[in-house]
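Asks: In this note's numbering, the protein residues as written are 1 to 535. For reference, the structure I am asking about is given below.
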Ligand SMILES: Nc1nc2c(ncn2[C@@H]2O[C@H](COP(=O)(O)OP(=O)(O)OP(=O)(O)O)[C@@H](O)[C@H]2O)c(=O)[nH]1
Ligand SMILES: [Mg+2]
């Protein structure tokens with residue numbers, strides 16, 4: 001069990017002001033749009049790009065891959081750091097589509113809280129439910145943003161009930177919507193007794209905020225038409241009676257979620273949510289590791305890799321490891337130990353992610369997410385320390401569930417293709433297998449759309465058109481065991497044997513029956529569906 005915040009001494013102010021969180025939801029609920037508005041208020045960018053326009057007109061900051069721009073969906077998690085008031089936010093926008101959930105699940109190991117976005121017309125959707133369960137497993141505090149209130153949305157009590165029932169968490173309203181759809185005026189801020197009015201004319205404008213002296217204040221009638229005011233008073237009275245009051249400790253423990261209502265595209269409700277993250281969101285938390293957990297206020301620096309991405313920016317052709325700092329005060333040029341290889345590593349060009357740009361990070365603190373450019377030494381799950389042999393645990397590995405053969409459009413480019421595939425394999429974007437008989441490669445992924453992303457990235461980033469084709473194989477197992485037993489196994493199953501990008505032996509199968517047969521005939525070799533990412 002991790003220590004709870006209550007019995008730990010106060011963190012140094014630089015660490016305590018950090019808020020590191022992921023934005024999660026079912027596809028299309030508005031995560032990327034919300035991210036843009038966070039950046040707008042964080043002063044990181046001038047004008048938020050709009051997600052609605054597809055194709056060329058669309059220019060968002062967190063969806064930077066060509067395919068994301070073309071399709072208007074996020075396929076990869078992206079991190080951003082910015083200041084807001086006295087806080088430093090480290091935010092990760094995640095993809096909602098389940099085909100890309102590997103990335104989202106790993107991101108959830110690197111953050112202290114999640115902002116769950118719900119579409120006000122749709123309520124709790126399937127992917128919301130799944131992601132929520134992952135947060136639960138990690139006891140992550142969750143703050144909820146009910147988005148798209150400018151459209152016809154469901155009844156407020158219905159939405160809250162649905163969250164309470166489906167997700168088994170207490171919900172407490174932080175704001176209350178006034179009117180629905182076309183009549184949506186804004187919200188009553190229940191935490192600070194303010195009226196927040198949405199400006200439909202200017203989407204990037206901060207909403208008008210009026211201080212109100214409780215619901216009986218006559219000022220309300222100047223801004224809210226009578227029938228809506230009546231309804232607001234009634235609903236708030238009911239809400240205060242029926243729903244639990246905000247309990248900050250329960251939020252930190254993940255048993256209660258405060259909910260804000262708003263419209264990301266209209267920049268509405270976003271500031272209140274940001275203030276809420278500042279007030280009720282957790283400070284950097286301890287990190288689970290072996291043989292001991294890491295506390296953020298330890299003076300020595302440590303961190304771990306939760307994502308690797310190659311060619312993030314065509315201007316910088318390199319590979320960047322996303323590192324969550326678990327402890328200490330990091331300074332550029334520090335020498336850290338790469339625990340897996342036990343080798344020292346001088347971190348001379350760490351970067352902070354600022355929207356689609358990056359900036360050299362002169363320093364960083366526990367809680368921050370920094371990028372470390374490298375040539376492949378850093379892999380998902382790796383731990384960096386100032387020498388101690390610590391190993392951060394709990395970063396999940398996924399079994400490839402879909403296999404396809406990939407070929408270069410131009411057969412002479414096979415070597416280039418191999419290089420590109422190895423890069424993606426090291427990034428963790430796919431599993432790549434080279435069969436020991438025949439030519440070509442077999443690529444394994446978790447969701448079908450990942451094939452499309454790979455094809456598009458191989459073409460964009462390496463100038464290689466490729467074809468993915470059905471493979472005779474349907475699943476893969478890593479082979480381990482005593483060397484002699486493994487050699488014997490390999491020799492008698494040549495048509496099924498391949499090697500992954502690390503050179504490890506993989507058994508490719510067509511049928512579950514194959515696996516059962518091996519388990520029966522070769523009891524001395526072990527077949528596993530995932531490969532442990534940490535050594
Ligand atoms: N009406 C309305 N539309 C919105 C609002 N916020 C976002 N949208 C639209 O909803 C669509 C999806 O928005 P995104 O921000 O890309 O959603 P996402 O959650 O990042 O989607 P994925 O990353 O693909 O899971 C876009 O067309 C947005 O313009 C809102 O407040 N009101
Ligand atoms: Mg998105």
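Even glycine gets a Cβ: it sits at the ideal position worked out from N, Cα and C.
#1: As a quick exercise: from 13, 41, 531, pick the residue whose alpha carbon is nearest that of residue 275.
#2: Which residue wins for smallest C-alpha separation from residue 171, given the options 93, 246, 241?
#3: Would you give the residue range spanned by the beta strand (DSSP E) that residue 505 belongs to?
#4: Hey, would you say residue 433 sits closer than 8 Å to residue 444, going by beta carbons?
#5: Assign residue 501 to one of three DSSP states: helix, strand, or coil.
#6: Is the beta carbon of residue 124 sitting closer than 8 Å to the one on residue 288?
#7: Measure the C-alpha to C-alpha separation of residue 84 and residue 528 and round it to an integer number of angstroms.
#8: Of the residues 497, 503, 243, 489, which one's Cα is nearest the Cα of residue 522?
#9: Considering only C-alpha positions, which residue in the set 131, 318, 111 is nearest to residue 283?
#10: Who are the Cβ neighbours of residue 130 in its own chain at under 8 Å, not counting the five residues just before and after it?
#11: Please say whether residue 378 and residue 305 have beta carbons closer to each other than 8 Å?
#12: Looking at the C-beta of residue 196, does it have a partner C-beta in chain C at a distance below 8 Å?
#13: Going straight from the alpha carbon of residue 421 to that of residue 139, what length do you get?
#14: Nearest to residue 148 by CA position, among 486, 507, 493, 260, is which residue?
#15: According to DSSP, simplified to helix, strand and coil, what is residue 395?
#16: What is the rounded straight-line gap between the Cα of residue 184 and the Cα of residue 177?
#17: Could you check if residue 103 belongs to the surroundings of ligand 2, using beta carbon to heavy atom distance under 7 Å?
#18: Could you name the residues of the same chain whose beta carbon sits closer than 6 Å to that of residue 497, not counting the 5 residues immediately before and after it, in chain order?
#19: Quick one, are the C-beta atoms of residue 135 and residue 91 less than 8 Å apart?
#20: Which same chain residues end up closer than 7 Å to residue 380 when comparing Cβ atoms and leaving out the 5 residues on each side of it in sequence?
#21: Using only alpha-carbon positions, find the residue among 460, 175, 12 that is nearest to residue 262.
#22: Between the alpha carbons of residue 167 and residue 132, how many angstroms are there, rounded?
Replies: According to the structure shown:
#1: Walking along the chain shown from the start, residue 275 turns up at place 275. Among 13, 41, 531, the Cα nearest to that of residue 275 belongs to 41.
#2: The count along the chain shown starts at 1 and reaches residue 171 at position 171. Of the listed residues, the one whose Cα sits closest to residue 171 is 246.
#3: Within the chain shown, numbered from 1, the residue matching residue 505 stands at position 505. Element bounds for residue 505: 505–509.
#4: On the chain shown, residue 433 is found 433 positions in, with the first residue counted as 1. On the chain shown, residue 444 is found 444 positions in, with the first residue counted as 1. Yes, the Cβ-Cβ distance between residue 433 and residue 444 is below 8 Å.
#5: Working through the chain shown from its first residue, we reach residue 501 at position 501. Residue 501: coil per DSSP, three-state reduction.
#6: Translated into positions along the chain shown, residue 124 becomes position 124. Translated into positions along the chain shown, residue 288 becomes position 288. Using a Cβ distance threshold of 8 Å, residue 124 and residue 288 do not count as a contacting pair.
#7: For the purposes of this step, residue 84 is taken as residue 84 along the chain shown, with counting starting at 1. For the purposes of this step, residue 528 is taken as residue 528 along the chain shown, with counting starting at 1. Answer to the nearest angstrom: the Cα atoms are 46 Å apart.
#8: As a first step, residue 522 must be located in the chain shown, where it is residue number 522. When only C-alpha atoms are compared, the closest one is 489.
#9: For the purposes of this step, residue 283 is taken as residue 283 along the chain shown, with counting starting at 1. Closest by alpha carbon: 111.
#10: Within the chain shown, numbered from 1, the residue matching residue 130 stands at position 130. Hits under 8 Å: 98, 101.
#11: Residue mapping note: residue 305 aligns to position 305 of the chain shown, counting from 1. Residue mapping note: residue 378 aligns to position 378 of the chain shown, counting from 1. It is a contact, given that the beta carbons lie within the stated cut-off.
#12: Looking at the structure shown, chain C is missing, and only one protein chain is on hand.
#13: On the chain shown, position 421 is the one that residue 421 refers to. On the chain shown, position 139 is the one that residue 139 refers to. Going by the C-alpha atoms only, they are around 36 Å apart.
#14: For the purposes of this step, residue 148 is taken as residue 148 along the chain shown, with counting starting at 1. The shortest C-alpha separation from residue 148 is found at 260.
#15: As a working mapping, residue 395 is identified with position 395 in the chain shown. Note: residue 395 maps to coil in three-state DSSP.
#16: Here residue 184 refers to the residue found at position 184 of the chain shown. Here residue 177 refers to the residue found at position 177 of the chain shown. For residue 184 and residue 177, the distance between alpha carbons rounds to 7 Å.
#17: The residue you call residue 103 lines up with position 103 of the chain shown. No, the beta carbon of residue 103 sits no closer than 7 Å to any heavy atom of ligand 2.
#18: Along the chain shown, read from residue 1 onward, the residue named residue 497 stands at position 497. Here the set comprises 436, 490.
#19: By one-based count along the chain shown, residue 135 stands at place 135. By one-based count along the chain shown, residue 91 stands at place 91. If you check the CB distance, residue 135 and residue 91 do not come in under 8 Å.
#20: Looking up residue 380 in the chain shown gives position 380. Cβ neighbours of residue 380 beyond the five flanking positions: 106, 305, 306, 307, 308, 395, 428, 533.
#21: Here residue 262 refers to the residue found at position 262 when the chain shown is read from its first residue. When each option's Cα is compared against that of residue 262, the closest is 175.
#22: The residue labelled residue 167 in the question sits at position 167 within the chain shown. The residue labelled residue 132 in the question sits at position 132 within the chain shown. Whole-angstrom Cα-Cα distance: 7 Å.
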